[in-house]
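Presented below is the structure to which this report refers.
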Amino acid sequence: MDSEDAHGTDGEGEGEGRRAKVIGELIQAEREMSSVAVMFHSALAEKRGLSAIETKTLDWLDRDGALTAKELVNRSGLAPASVTGLVDRLTKKGYVRRVPHPSDQRRVLIEVIPEGQADLGVLFEDFKHEVDELHSEFSTEELELVARFISEATRRQRRAAARLTGADSQDGPDGEE
Numbered sequence: 001m002d003s004e005d006a007h008g009t010d011g012e013g014e015g016e017g018r019r020a021k022v023i024g025e026l027i028q029a030e031r032e033m034s035s036v037a038v039m040f041h042s043a044l045a046e047k048r049g050l051s052a053i054e055t056k057t058l059d060w061l062d063r064d065g066a067l068t069a070k071e072l073v074n075r076s077g078l079a080p081a082s083v084t085g086l087v088d089r090l091t092k093k094g095y096v097r098r099v100p101h102p103s104d105q106r107r108v109l110i111e112v113i114p115e116g117q118a119d120l121g122v123l124f125e126d127f128k129h130e131v132d133e134l135h136s137e138f139s140t141e142e143l144e145l146v147a148r149f150i151s152e153a154t155r156r157q158r159r160a161a162a163r164l165t166g167a168d169s170q171d172g173p174d175g176e177e
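Following this line, the structure appears as structure tokens:
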């Protein structure tokens with residue numbers, strides 16, 4: 001990246017006015033995407049008889065495998081007591097179970113019960129088709145840039161959520177800040 005690009009211009013002389021416009025458009029798109037994501041996951045949760053945070057917790061467990069309550073606190077930004085209640089509800093509904101940690105007898109892992117996820121694929125099928133179609137419209141390099149941006153935005157939002165709830169300030173699944 002040359003020094004002009006590092007300072008936020010596009011190297012074509014359009015400068016800060018164009019940058020401010022693009023950032024404004026990006027912020028609006030991010031806000032809309034956030035709102036639509038909340039609505040989508042709320043509708044998905046309702047279809048399953050769950051809250052949105054319950055479905056996102058199941059998503060983390062499905063993607064990452066069994067996690068401790070502390071790891072769920074770090075991912076969600078929720079307070080530890082809230083995570084305990086969340087796991088209790090998911091256990092009662094038959095979606096997760098608590099199992100002994102394989103290397104530390106004092107710790108417990110929360111793992112998803114696979115049968116509880118059986119309906120998920122059908123509910124995501126339509127959206128997955130839409131996203132696959134969208135991916136095909138971008139080059140690999142463009143997708144890499146978008147992935148980098150979304151990952152960094154997610155990391156920063158996770159930190160902000162942790163600050164709002166007073167939860168542990170660890171940043172992500174791997175504890176990196």
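Numbering follows full-length UniProt numbering, with no gaps: position 144 of the sequence shown is 144. Yeah, the Cβ is synthetic: ideal placement off N, Cα and C, and Gly gets one too.
{"Asked": "Assigned exposure category for SER136 - 16 Cβ within 10 Å defines buried", "Found": "exposed"}
{"Asked": "Exposure of SER71, with buried meaning 16 or more beta-carbon neighbours within 10 Å", "Found": "It should be pointed out that residue 71 corresponds to Glu in this sequence rather than to Ser. Its Cβ being crowded by 16 or more others within 10 Å, GLU71 is buried."}
{"Asked": "When GLU16, LEU50, GLY166 and GLU125 are compared against LYS92, the one with the closest alpha-carbon", "Found": "LEU50"}
{"Asked": "Beta strand (DSSP E) segments (min. 3 residues) lying fully within the UniProt domain \"HTH marR-type\" (19 to 155)", "Found": "96 to 100 and 108 to 112"}
{"Asked": "GLU54 vs ALA45 beta-carbon contact at 8 Å", "Found": "yes"}
{"Asked": "Within 8 Å, strictly: CB atoms of ALA29 and VAL38", "Found": "no"}
{"Asked": "SER139 classed as buried or exposed, judged by whether at least 16 other C-beta atoms fall within 10 angstroms", "Found": "exposed"}
{"Asked": "Simplified DSSP state of GLY15, which is helix, strand or coil", "Found": "helix"}
{"Asked": "For LEU145 and PHE124, the rounded distance between their alpha carbons", "Found": "25 Å"}
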